[in-house]
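Residue numbers (the working numbering): 12 to 413.
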């Protein structure tokens, strides 16, 4: 299907079908990172690696997700969205199957980088396609729908991973990821039209792409929204990397219990994103963004305090729930604010938003394991620092700007 569409041309059922496809594509990050989280200790044991080295497989995937977006996003402004999404999914499927036969931690980490790079196409271009089709409050509502899937993915992925470990080992998890990649490829091939027609594509080549990227990076307001969103996501990535070891090794919860705790926090993302999407047109995205940043910073500092005081799970888990839930508020409200002036360069702008999020996540994830699996303090420090810095940078770069 090669025809191009705008949102006005989409009937109701077709909109729902495309929303489902874009939701699946946007979930490749959570699925790639979260589904094998309950198996991280098993991977470390099976491949004879330390906690920190095993966590590098998460970092490698994050860096691949970030760099892939940086290349695929701008390229899609020139070549179109659909062919790049399909190519990325094809590579993702093959690499997921190769991970099953990975013999060493080194090859495992390298393949995880390629898997992340390939999966980035679906993530960055699901946002670009949304911007091709929608603008203003309609974009906010549609992005809230994508955040619904992003919230459900962290629920389903670790639960599925934990249950898979009852019948198989960690290699079975990557077989399932390969099947998900193949299913997404089929849905794109048969159900997703091209949303960037040739007449709307960039024609300036590589130099024009660099100029566009430079213009966006020098946009103070865009960077304020992007850095705030990226740092709040980094706090969540610190939780993603640290929680399997903190909850399972330090507090002794089972892989299945861990997956349920992770799922409850995913429910927080769903609730927060849907409330933001429904109410933003009444109160404004900016008010929700400020509220989300303040709440995230307060919860992050509170989490660090209770960890330092040696509190138990009863004090830690509610604060983790708030920290993760704020991702739904900040993500849903910051995206339309950052993208509202980027209609002609949606791929590049979407790439920069994704790059900051995943690069910050890639930087913090190895640091979580510095103290080993016997302490939660590094996780608490990184979460609090990222959330507080997000609020500070937003105040400096955006402040009272309208």
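Yeah, the Cβ is synthetic: ideal placement off N, Cα and C, and Gly gets one too.
Bear in mind that the values here come from a model prediction, so they are computed numbers and not experimental data.
Whole angstroms are fine: how far does the CA of residue 306 sit from the CA of residue 98?
Sequence index remark: in the chain shown, residue 98 carries index 87 (1-based). Sequence index remark: in the chain shown, residue 306 carries index 295 (1-based). Distance between the alpha carbons of residue 98 and residue 306: 40 Å.
Is residue 134 buried or exposed, if buried means 16 or more other CB atoms sit within 10 Å of its CB?
Taking the chain shown and counting its residues from 1, the one referred to as residue 134 is at position 123. Buried, since its Cβ has 16 or more Cβ neighbours within 10 Å.
May I ask which residues mark the beginning and end of the alpha helix (DSSP H) holding residue 276?
Position 265 of the chain shown, counting from 1, holds the residue named residue 276. Looking at the DSSP string, the run of the alpha helix (DSSP H) that includes residue 276 is 266 to 294.
Within 9 Å, strictly: CB atoms of residue 337 and residue 283
Taking the first residue of the chain shown as 1, we reach residue 337 at position 326. Taking the first residue of the chain shown as 1, we reach residue 283 at position 272. Between residue 337 and residue 283, the C-beta gap is smaller than 9 Å, which places the two residues in contact.
My output table needs one value for residue 41: the three-state DSSP class, helix, strand or coil.
Here residue 41 corresponds to residue number 30 of the chain shown, with the count starting at 1. In the structure shown, residue 41 falls within a helical segment according to DSSP collapsed to helix, strand and coil.
Look at the Cβ atom of residue 192, then the Cβ atom of residue 139, and state whether they are nearer than 9 Å.
Numbered from its first residue, the chain shown carries residue 192 at position 181. Numbered from its first residue, the chain shown carries residue 139 at position 128. In this structure, residue 139 does not lie closer than 9 Å to residue 192 by Cβ.
Reducing DSSP to helix, strand and coil, say where residue 255 ends up.
Position 244 of the chain shown, counted from the first residue, corresponds to residue 255. Residue 255 sits in a helix when the DSSP states are folded into three classes.
Okay, do the stretch 175 to 184 and the stretch 242 to 249 touch, 3+ Cβ pairs below 8 Å being the bar?
Touching, no.
Are the stretch 273 to 290 and the stretch 357 to 373 touching, with three or more C-beta to C-beta distances below 8 Å?
No, the stretch 273 to 290 does not touch the stretch 357 to 373.
For the alpha helix (DSSP H) containing residue 142, list its first residue and its last residue.
Counting from 1 along the chain shown, the entry for residue 142 is found at position 131. DSSP places residue 142 inside the alpha helix (DSSP H), whose first and last residues are 116 to 144.
Going by DSSP in three states, residue 47 sits in which element: helix, strand or coil?
As a working mapping, residue 47 is identified with position 36 in the chain shown. In this structure, residue 47 counts as coil in the three-state DSSP scheme.
State the Cα-Cα distance for the pair residue 101 and residue 224, rounded to the nearest angstrom.
As a working note, residue 101 is residue 90 in the chain shown. As a working note, residue 224 is residue 213 in the chain shown. In a straight line, the C-alpha of residue 101 is about 28 Å away from that of residue 224.
Given a threshold of 16 other Cβ atoms within 10 Å of its Cβ, counted over all protein chains shown, does residue 269 qualify as buried or as exposed?
Locating residue 269 in the chain shown gives position 258, where the first residue counts as 1. Sixteen is the threshold: when 16 or more other Cβ atoms of the shown chains lie within 10 Å of the Cβ of residue 269, as they do, the residue is buried.
Out of 345, 51, 273 and 64, point me to the one whose CA is closest to residue 405's CA.
Taking the first residue of the chain shown as 1, we reach residue 405 at position 394. Among 345, 51, 273 and 64, the Cα nearest to that of residue 405 belongs to 345.
To which residues of the same chain is residue 400 closer than 6 Å at the C-beta, ignoring the five residues directly before and after it?
Position 389 of the chain shown, counted from the start, is the residue given in the question as residue 400. Take residue 400, set aside five residues on each side of it, and the residues of its chain with a beta-carbon closer than 6 Å to its own are 242, in chain order.
According to DSSP, is residue 180 part of a helix, a strand, or is it coil?
Working through the chain shown from its first residue, we reach residue 180 at position 169. Secondary structure of residue 180 (DSSP, three-state): coil.
Please check the pair residue 88 and residue 356, which I expect to be a contact at CB under 8 Å, by giving their CB distance rounded to whole angstroms.
Numbered from its first residue, the chain shown carries residue 88 at position 77. Numbered from its first residue, the chain shown carries residue 356 at position 345. Yes, residue 88 and residue 356 are in contact; Cβ-Cβ is about 6 Å, under 8 Å.
Since I believe residue 141 is in contact with residue 154 (beta carbons under 8 Å), could you give me their beta-carbon distance rounded to a whole number of angstroms?
Translated into the one-based positions of the chain shown, residue 154 becomes position 143. Translated into the one-based positions of the chain shown, residue 141 becomes position 130. Sure, about 6 Å apart at Cβ, within 8 Å.
Which residue wins for smallest C-alpha separation from residue 148, given the options 367, 258, 341 and 288?
As a first step, residue 148 is located in the chain shown; it is residue number 137 there, counting from the start. Ranked by Cα distance from residue 148, the first of 367, 258, 341 and 288 is 288.
Which residues in the same chain have their Cβ closer than 8 Å to the Cβ of residue 106, if we skip the five residues on either side of it in sequence?
Here residue 106 corresponds to residue number 95 of the chain shown, with the count starting at 1. Closer than 8 Å at Cβ, skipping near neighbours: 122, 125, 126 and 129.
Check the C-beta distance from residue 34 over to residue 205 and give it rounded, since I have them as a contact under 8 Å.
Sequence index remark: in the chain shown, residue 34 carries index 23 (1-based). Sequence index remark: in the chain shown, residue 205 carries index 194 (1-based). 19 Å between Cβ atoms; not a contact.
Excluding five sequence neighbours on each side, which residues of the same chain lie with their C-beta closer than 8 Å to the C-beta of residue 53?
The sequence position of residue 53 within the chain shown is 42, counting from 1. Counting only Cβ-Cβ distances below 8 Å, and skipping sequence neighbours, we find 176, 180 and 181.
Cβ-based neighbour list, residue 377, same chain, cut-off 7 Å, excluding 5 preceding and 5 following:
Residue mapping note: residue 377 aligns to position 366 of the chain shown, counting from 1. 63, 66, 67 and 70.
Euclidean distance between Cα positions of residue 253 and residue 380:
Position 242 of the chain shown holds residue 253. Position 369 of the chain shown holds residue 380. Approximately 7 Å between the Cα atoms of the pair.
In terms of residue numbering, what span does the alpha helix (DSSP H) encompassing residue 405 cover?
Start at 1 with the first residue of the chain shown, and residue 405 comes out as number 394. Residue range 388 to 408 is occupied by the alpha helix (DSSP H) that includes residue 405.
Please check the pair residue 110 and residue 185, which I expect to be a contact at CB under 8 Å, by giving their CB distance rounded to whole angstroms.
Residue 110 sits at position 99 when you count from the first residue of the chain shown. Residue 185 sits at position 174 when you count from the first residue of the chain shown. Correct: roughly 4 Å between the Cβ atoms.
If you run the structure through DSSP and keep just helix, strand and coil, what is residue 20?
For the purposes of this step, residue 20 is identified with residue 9 of the chain shown, where counting begins at 1. Residue placement at residue 20 is flagged as unreliable, the pLDDT there being 49, under the threshold of 50; the coordinate-derived value follows with that caveat. Here DSSP, grouped into helix, strand and coil, assigns residue 20 to helix.
Return the Cβ separation of residue 73 and residue 372 in integer angstroms, given the expectation that the two are a contact with Cβ distance under 8 Å.
Numbered from 1 along the chain shown, position 62 holds the residue referred to as residue 73. Numbered from 1 along the chain shown, position 361 holds the residue referred to as residue 372. Yes, they are in contact, since the Cβ atoms of residue 73 and residue 372 sit about 5 Å apart, within 8 Å.
Can you tell me whether DSSP reads residue 229 as helix, strand or coil?
By 1-based counting over the chain shown, the position of residue 229 is 218. In this structure, residue 229 counts as coil in the three-state DSSP scheme.
Option nearest residue 260 by Cα separation, candidates 300, 46 and 51
Taking the chain shown and counting its residues from 1, the one referred to as residue 260 is at position 249. Out of 300, 46 and 51, 51 has the C-alpha closest to the C-alpha of residue 260.
Which two residues bound the contiguous alpha helix (DSSP H) that contains residue 79?
Within the chain shown, residue 79 is the residue found at index 68, counting from 1. Looking at the DSSP string, the run of the alpha helix (DSSP H) that includes residue 79 is 62 to 90.
Measuring alpha carbon to alpha carbon, tell me which residue in 333, 334, 335 and 45 is nearest residue 167.
Counting from 1 along the chain shown, the entry for residue 167 is found at position 156. Check the Cα spacing between residue 167 and each of 333, 334, 335 and 45: the tightest is with 45.
Could you check the C-alpha separation between residue 347 and residue 214 for me, to the nearest Å?
To locate residue 347, count along the chain shown from 1; it is residue 336. To locate residue 214, count along the chain shown from 1; it is residue 203. Taking the straight line from one Cα to the other gives about 25 Å.
To the nearest angstrom, how far is it from the Cα of residue 331 to the Cα of residue 313?
Looking up residue 331 in the chain shown gives position 320. Looking up residue 313 in the chain shown gives position 302. Answer to the nearest angstrom: the Cα atoms are 10 Å apart.
When the Cα atoms are used, what is the spatial distance from residue 221 to residue 410?
By 1-based counting over the chain shown, the position of residue 221 is 210. By 1-based counting over the chain shown, the position of residue 410 is 399. One C-alpha to the other measures close to 28 Å.
Need the endpoints of the alpha helix (DSSP H) that residue 371 sits in, please.
In the chain shown, residue 371 corresponds to position 360, counting from 1. From DSSP, the alpha helix (DSSP H) with residue 371 extends over 357 to 379.
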